[in-house]
Every structure is written in structure tokens, then in C-alpha cells.
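Protein sequences, first through last, are from chains A and B.
No gaps in the numbering here: position 125 of the first sequence is 125 in the numbering used here, and each next residue is one more.
Count along the second sequence from 1, then add 222; that gives the number in the numbering used here.
For every residue, glycine included, the Cβ atom is placed at its ideal position computed from N, Cα and C.
Structure record follows, encoded as C-alpha cells.
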Amino acid sequence: MIDYHFDWSVIARNAGKLTDALLLGLGLAVVSLLIGSVIGLLAAYARVSGKAWLSAPVWAYVEFIRCTPLLLLIFFLYFGLPEFDVTFLDKTQSFVLSLSLYAGAYMCEVFRAGLASIPKQYVEAAKAIGLRPWQRQAYVILPVMFRITLPSIGNNLISLFKDTSLAAAIAVPELTFTARQINANTFRVMEVWLTVSALYLASAYLIAMMLRLLERRYASIR
Amino acid sequence: MTEPALLQARDVRKSFGQIEVLKGIDLTVSQGQVVSLIGASGSGKTTFLRCINLLEEHDGGEILLDGDPVGYIMAGERRKRLSETRISAQRARLGMVFQQFNLFPHLTAAANVMLGLTKVQGKSDAEARDIAQHWLGRVGLADRSGHYPYQLSGGQQQRVAIARAVAMQPRLLLFDEVTSALDPELVAEVLSVMQGLAESGMTMLLVSHEMLFVRDVSHHVVFLDQGKVAQAGPPSEVFDNPQSDRLRSFLGRFHGLFGRG
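Here it is as C-alpha cells:
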């Protein structure tokens with residue numbers, strides 16, 4: 001740090017690039033959370049179905065994802081799939097697929113726990129008024145589960161947002177990759193990393209605050 | 223001339239594993255009657271009630287609702303279990319109020335009442351809202367229709383639950399110890415709603431430990447003991463002329479409210 005003179009003009013000059021990169025990261029996280037939630041919900045139903053041929057493969061999927069590094073999954077899909085002639089995914093799509101599969105495993109566990117924690121009494125009340133099985137799911141079980149699991153869903157969104165930095169490894173122009181590019185061109189390492197860290201921090205914190213509001217909005221379950 | 227039996231149970235049996243909880247229950251409820259089940263914990267009252275709307279499935283005997291067997295149809299000599307959809311349709315003809323209220327926590331009082339009206343009975347939102355408002359008014363909660371369950375007291379929640387059940391215009395209303403989870407000072411408001419329903423001619427089957435209320439409101443009282451009907455009859459007979467030691471000692475627990483206890 002001796003003789004390091006801060007020159008923040010590099011940030012101003014690259015503000016547009018950094019903004020785009022930040023928005024891309026946020027978009028990747030949100031899209032992956034959405035796809036992952038669909039995967040996770042289906043997987044959770046498979047897990048609680050009581051049918052081994054459904055729940056065993058899902059169990060294997062969840063444990064595989066949870067016990068291997070995300071970066072390996074990203075490399076595997078990006079460099080590995082083309083070897084099997086799956087070439088229609090560009091690097092961003094490939095990353096979204098990786099992150100969605102990753103999110104799906106975690107969301108499966110969140111939803112499985114959520115489904116298991118729904119008090120039996122609500123289901124019985126739904127039966128008693130004559131709701132059919134899928135109506136009980138749609139109008140009672142899923143809405144209650146969504147409220148119960150909202151804090152966990154929020155935590156996953158924040159994690160996924162931070163994990164988008166791994167997309168730098170396959171040159172997706174999100175925040176971390178963009179920062180490295182600017183560094184390489186300007187050598188203003190401190191300014192860039194400090195700024196990017198602040199952007200990650202502020203965004204994640206903002207997401208957390210918004211989720212807090214959402215939780216309060218849906219706090220009808222005590 | 224006897225009134226037609228709305229609900230008829232014959233020799234209903236139910237076991238949980240090795241334990242036989244219901245050992246052959248016979249019971250008839252006619253249109254407009256209030257019938258009460260009393261008995262000690264574990265005597266099978268609640269299990270029997272839950273068999274009627276298929277929250278439990280009986281494994282012997284038969285339960286007929288308006289003449290239709292509940293939970294199955296006869297295919298020749300064999301019983302064939304009904305599909306979930308048909309079972310749901312049977313349940314829609316019955317109302318049930320639970321000990322723990324069981325209001326849907328994510329819905330307001332009005333929405334709790336409306337859910338069955340719109341999704342099961344196919345009524346429009348507007349019509350369902352009117353009906354919900356009407357019944358919430360009848361249970362004294364017209365001004366609470368926008369409240370969520372957690373914003374209501376236990377007594378208020380239970381009254382919403384009653385409104386939810388009765389709004390569906392069920393053939394028969396089942397009450398499963400609906401005041402047992404309430405603070406003592408909230409019991410009266412729920413009982414008075416039930417009294418009003420009984421007076422309006424609603425057919426009701428209740429499990430209750432509120433003996434004074436049971437004696438007041440019932441046309442017929444059934445004392446269950448160890449999974450069997452030990453004594454049944456009009457309240458005056460059951461309460462004032464208990465035929466067995468077990469009924470005498472059961473009634474005696476209620477602080478000598480009845481006769482010499």
C-alpha cells in the first residue's frame with residue numbers, strides 16, 4: 001500500500017459497464033432462483049411421494065449437487081456438454097442451467113422441509129370443506145408453505161446472487177469478470193475491487209431488506 | 223311416523239394397529255336433531271366423528287349419509303373404495319368444526335368462509351362474499367371479515383370456523399370438542415352461536431365436555447365407553463338416570479352438576 005495513490009476516475013469511466021454487469025448478475029440470480037424453484041418444487045413432491053422410483057433419483061441429485069463444488073458443475077456443463085454434441089447453449093445459458101440445477105437441489109430441501117412442517121390440521125380443514133386433492137395443494141398447502149419458507153427462499157436468493165461471481169470463470173460478463181477486465185486494462189486494482197465489493201454488499205443488503213418487507217407482508221402465520 | 227334418518231351408523235368398527243378403538247357403534251341422527259356424544263377421553267367419540275367425514279376410515283360396519291354409504295360403494299358383494307374426488311364430494315355435504323379451529327392462516331376471515339363456496343360449490347366471488355358476510359354477521363363478526371386468524375381471539379376464530387362450515391349449507395354439522403381449546407371466558411360466545419344454530423333447525427352431531435350445554439341443547443345423548451355405546455337416550459334419561467357405574471362416575475366428575483353425581 002506504500003505509494004498507492006487512489007484514482008477513482010476509473011470507476012466513473014467504467015460506470016456503465018459496471019452497472020450492466022451488476023444487473024446481469026442480479027438477473028442471473030433471479031432467473032436461476034425461479035427455474036430452481038420449479039425444479040425444487042417438483043423434486044420436493046417426488047421426495048415426499050413415498051415412491052422409491054421417484055424419490056431415490058431425486059435424493060441422488062440433491063446429494064450430488066450438495067456435495068460437489070458449484071464451480072465443477074459450471075465447468076462440467078460448459079466444457080463437458082459440447083463433447084456430447086449439446087452445443088446450442090451459449091456461456092450465459094450454460095451458466096443459468098448450472099445455477100438453476102444447483103438452486104433446484106437446495107430449493108428441494110427447503111420445500112421438502114416446508115411441506116413436512118405444514119400442520120396436519122390445515123389439511124384436514126381443507127378436506128372437511130370438500131376441496132379435492134389438487135385444490136388442497138393449490139389453495140391451502142402451497143400458499144402456507146410459501147409463507148413458511150419465505151425466509152429460506154430469501155437466503156437462497158442472496159447466496160445465488162453471490163454465486164453469480166463464479167460465472168467469471170467461463171467469461172460471462174457479470175460483475176467479477178468485468179472487474180478483472182477493467183483491472184487488466186487499467187491496473188486500478190484497489191479502486192475496482194473496493195467498488196465491486198461495495199456493489200455486492202449493497203445489492204445483497206438491499207435484497208435482504210426487500211425480503212424483510214415481503215416477510216412482514218406475509219406474516220399472517222404465527 | 224318416524225323421520226327419515228339423515229345419518230345412520232351400524233356396527234361401526236375402527237382399529238389403530240392392534241388397538242380396537244370403535245367396537246361396533248350404532249347411532250342414528252334424524253333431520254333437525256341435535257345429537258351429542260359424551261364419554262371419557264379415549265372412549266372413541268372423536269374417532270367416530272372423524273369416520274363420518276372420512277378423516278379416518280372405518281374398517282367395519284357401515285355409515286350411511288342420506289342412505290349412501292360413506293367412503294365406498296357396493297360392487298356386488300364387495301366394497302369398492304370411492305375415488306378421492308367422490309370422497310371430497312361426500313365431505314362437501316358435511317360441515318366440521320375442529321377443536322383447534324383450523325382456520326386457513328393465510329386467508330382473512332371472509333376468505334376462509336369463501337374458499338369452499340367458490341372452489342367446491344362454484345359460486346361467484348360476489349355471491350360467496352355476500353354469503354360469507356351474512357354468516358360472519360350471524361356469528362357476531364361482521365366487523366372482523368378482513369382480519370387474519372392471528373388477529374382474532376380463540377373464540378372469534380372458532381366462530382369464523384363455524385361460519386365457514388355452516389355457510390356451505392351442509393346436511394349435517396359435526397362439532398369436535400370445539401370449546402376445549404378455548405379460555406373459559408370465551409366458551410360462552412361459541413356455545414351461544416351453537417345454540418342459535420340448533421334452534422334454527424340445523425342437524426348437528428357434537429362431541430363435547432360441556433355437560434350443561436349438552437343437556438340443554440341435545441335431543442339425544444349417547445354415552446360412549448371403551449368404543450361402545452353404553453347408554454343412549456334423551457338427555458333427561460342419560461343425565462338423571464344413569465344405568466351404569468361408569469356413566470355415574472363419568473358424570474360425577476363434573477362437580478356434582480347432575481343429580482347426586
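Query - Cβ neighbours of A:TRP59 in the same chain (closer than 8 Å, five flanking residues each side left out) - result: ARG47
Query raised in the report: Since B:GLN322 meets chain A, which of its residues come closer than 9 Å, beta carbon to beta carbon?
Result: PRO119 and GLN121
Query - Reference A:ALA43; option with closest CA among A:LEU142, A:GLY104, A:LYS162 and A:MET145 - result: A:GLY104
Query - Rounded distance between the beta-carbons of B:ASN334 and A:TYR122, thought under 8 Å - result: Going by Cβ atoms, the distance from A:TYR122 to B:ASN334 rounds to 11 Å, so no, they are not a contact pair.
Query - Nearest-angstrom Cα separation, counted from B:ALA297 out to B:ARG303 - result: 10 Å
Requested in this report: Name the residue from B:VAL251, B:VAL388, B:ASP467 and B:VAL443 whose alpha carbon lies nearest to the alpha carbon of B:MET416.
Outcome: B:VAL388
Query raised in the report: Of the residues that make up the segment 135–149 of chain A, which ones have a beta carbon closer than 7 Å to any beta carbon in chain B?
Result: GLN135, TYR139, VAL140, PRO143, VAL144 and ARG147
**Report entry** alpha helix (DSSP H) segments (min. 4 residues) lying fully within the segment 237–295 of chain B
**Finding:** 267–274
Query raised in the report: If you run the structure through DSSP and keep just helix, strand and coil, what is B:LEU228?
Result: strand
Query raised in the report: Nearest-angstrom Cα distance between B:LEU395 and B:VAL243?
Result: 23 Å
Query - Short CB-CB distance (under 9 Å) between B:ARG313 and chain A - result: yes
Query raised in the report: Roughly how many angstroms separate the alpha carbons of B:HIS442 and B:LEU259, rounded to a whole number?
Result: 9 Å
Report task. Determine the contact status of A:TRP8 and A:GLU191, defining contact as a CB-CB distance below 9 Å. Result -> yes
Report task. For the beta strand (DSSP E) containing B:VAL361, list its first residue and its last residue. Result -> Taken as a continuous stretch (DSSP letters only), B:VAL361 belongs to no beta strand (DSSP E), as it is neither H nor E.
Query - C-beta atoms of A:THR195 and A:GLY25 nearer than 9 Å - result: no
Query raised in the report: What residues of chain C sit near B:PHE326, judged by a beta carbon separation below 7 Å?
Result: The chain inventory of the structure shown lacks chain C, comprising the protein chains A and B.
Requested in this report: Kindly list, in the order they appear in chain B, the residues whose Cβ is closer than 9 Å to that of A:LEU211.
Outcome: What A:LEU211 touches in chain B: nothing, since even the nearest Cβ is about 18 Å away.
Query raised in the report: Apart from the five residues on each side of it in sequence, which residues of its chain come closer than 6 Å, Cβ to Cβ, to B:GLN465?
Result: GLN453
Query - Neighbouring residues, chain A, relative to B:GLY376 (Cβ below 9 Å) - result: Chain A residues near B:GLY376: none, gap ~13 Å exceeds 9 Å.
Report task. Give a yes or no on contact between the segment 52–67 of chain A and the segment 126–145 of chain A, applying the rule of three or more CB pairs nearer than 8 Å. Result -> no
**Report entry** Own chain partners of B:ALA332 with C-beta closer than 8 Å, once the 5 adjacent residues on each side are dropped
**Finding:** ARG351, ALA354, GLN355, LEU358, SER367 and GLY368
Query raised in the report: So the alpha helix (DSSP H) B:ARG475 belongs to, where does it begin and stop?
Result: B:ARG475 -> no alpha helix (DSSP H), and no H or E assigned at all.
Requested in this report: Using alpha carbons as the reference points, say which of B:PHE270, B:PHE445 and B:PRO457 lies closest to B:ASP438.
Outcome: B:PRO457
Requested in this report: Please go through the same chain and pick out, in chain order, the residues whose beta-carbon is closer than 8 Å to the beta-carbon of A:ARG136, but skip the five residues on each side of it.
Outcome: VAL123, ALA126 and LYS127
Query raised in the report: What did DSSP end up calling B:LYS450 once you bin it into helix, strand or coil?
Result: strand
Query raised in the report: Does any CB atom of chain A fall closer than 9 Å to the CB of B:LEU358?
Result: no
Query raised in the report: Straight-line CA distance for A:ALA219 to A:ASN155?
Result: 17 Å
Requested in this report: In the DSSP assignment, find the unbroken beta strand (DSSP E) run with A:GLY25 in it and report its ends.
Outcome: Where A:GLY25 is concerned, there is no enclosing beta strand (DSSP E), although the alpha helix (DSSP H) it sits in stretches over 15–48.
Query raised in the report: What separation, rounded to the nearest whole angstrom, lies between the Cα atoms of A:LEU89 and A:GLU83?
Result: 13 Å
Query raised in the report: Under a three-way DSSP split, which group does B:LYS345 fall into?
Result: coil
**Report entry** B:HIS442 (DSSP reduced to helix, strand or coil)
**Finding:** strand
Query - C-alpha gap between B:GLN230 and A:TYR102, whole angstroms - result: 56 Å
Query raised in the report: Do B:VAL451 and B:VAL444 have their C-beta atoms within less than 9 Å of each other?
Result: yes
Report task. Select from the segment 289–307 of chain B all residues with a C-beta closer than 9 Å to any C-beta belonging to chain A, and list them in chain order. Result -> GLU306 and THR307
Query raised in the report: Which value, in whole angstroms, describes the spacing of the CA atoms of A:GLU109 and B:ARG475?
Result: 49 Å
Requested in this report: Check whether the Cβ of B:LEU469 lies closer than 9 Å to any Cβ atom in chain A.
Outcome: no
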